[in-house]
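Engineer: Submitted below is the structure of interest, expressed as structure tokens.
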Amino acid sequence: MSDMFEIEAIRMISRYLPVAVDEPQNPEGRNGMAVAQYIAGMAFSNVGLGLVHGMAHPMGSLFDVPHGVANALLLPTVMEYNMPECIDKYPRIAEAMGVDIKGMTPQEASQAAVDAVRALAIRVGIPQHLSDLGIKESDIPALAEQAIADVCTPGNPRECSLEDIKALYRQVL
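Right under this line is the structure:
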């Protein structure tokens, strides 16, 4: 059930987020995003969250970065990290985002999903680097310490260590 909700939320976000950002007064975009976030909430309330949220929380608490911005910035990088454990799910994400994956290997289709997520984030103006948000290399240890202890982190599909989290933050520095 959660997978069904997740894929539908992804499909809707891909469709309605650009509309909501480009035309904030357009009720189609805003309503579509309201329903999409509700469906996404139904999905994660059943299975929990993971490392993206675990890493986003300290960005908000230490640097006042909005949670959605932090998640959107981190998501493609954490997806790449999780890819070995999610190779069967990522192609469905690519399809939900409108990517034609016919003829692609599971690895290629999975990378296409990551690329589509990154492209959507760029399309709607999400910063692509921690440094764009005033976060420095010297801040990474404190961010990582909070992230490894975050209640969401153990729900990640791939095990991660403190050093893994530091490396992921550095990738987006």
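Be aware that the sequence shown starts at 0, since it is given in numbering that gives the first Met the number 0, and climbs by one per residue. For every residue, glycine included, the Cβ atom is placed at its ideal position computed from N, Cα and C.
1. According to the Cβ coordinates, are Leu161 and Ile147 closer than 8 Å?
2. Report buried or exposed for His56, applying the criterion of at least 16 other Cβ atoms within 10 angstroms of its Cβ.
3. From the DSSP output, in three-state form, read off Asn25 for me.
4. Excluding the five sequence neighbours on either side, which residues of its own chain have a C-beta within less than 6 Å of the C-beta of Ala229, listed in chain order?
5. What's the call for His128, buried or exposed, on a 16-neighbour Cβ count within 10 Å?
6. Does the structure place the region 79-96 close enough to the region 108-117 that three or more beta carbon pairs sit under 8 Å?
7. Taking the straight line between their C-alpha atoms, what separation do you get for His52 and Gly59?
8. Would you mind stating whether Met11 and Gly31 have Cβ atoms separated by less than 8 Å?
9. If you scan the region 89-117 from start to end, which runs of the alpha helix (DSSP H) of 4 or more residues do you find wholly inside it?
10. If I measure Cβ to Cβ from Ala42 and keep anything under 7 Å in the same chain, skipping five residues before and after, which residues do I get?
11. Using a threshold of 8 Å, state whether the C-beta atoms of Leu142 and Leu61 are closer than that.
12. Please tell me whether Val123 and Pro17 are closer than 8 Å, where the distance is taken between their beta carbons.
13. Applying the 10 Å Cβ sphere with the 16-neighbour rule, what's the burial state of Thr152?
14. What are the start and end residues of each continuous alpha helix (DSSP H) run of 4 or more residues lying completely inside the region 40-81, in chain order?
15. Distance, Cα to Cα, Ala108 vs Glu144?
16. In angstroms with no decimal places, state the Cα-to-Cα distance between Val174 and Gly102.
17. Which term fits Ile121, buried or exposed, when burial requires 16 or more other beta carbons within 10 angstroms of its beta carbon?
18. For Gln170, does the three-state DSSP call read helix, strand or coil?
Structural biologist: By the coordinates alone:
1. yes
2. buried
3. coil
4. Lying before the first or after the last residue shown, residue 229 is absent from the chain, which here runs from 0 to 172.
5. exposed
6. yes
7. 10 Å
8. yes
9. 89-95
10. Ser1, Phe4, Glu5, Ala8
11. yes
12. yes
13. buried
14. 50-62
15. 33 Å
16. In the structure displayed, the chain extends from 0 to 172; residue 174 sits before or after that span and is not available.
17. exposed
18. helix
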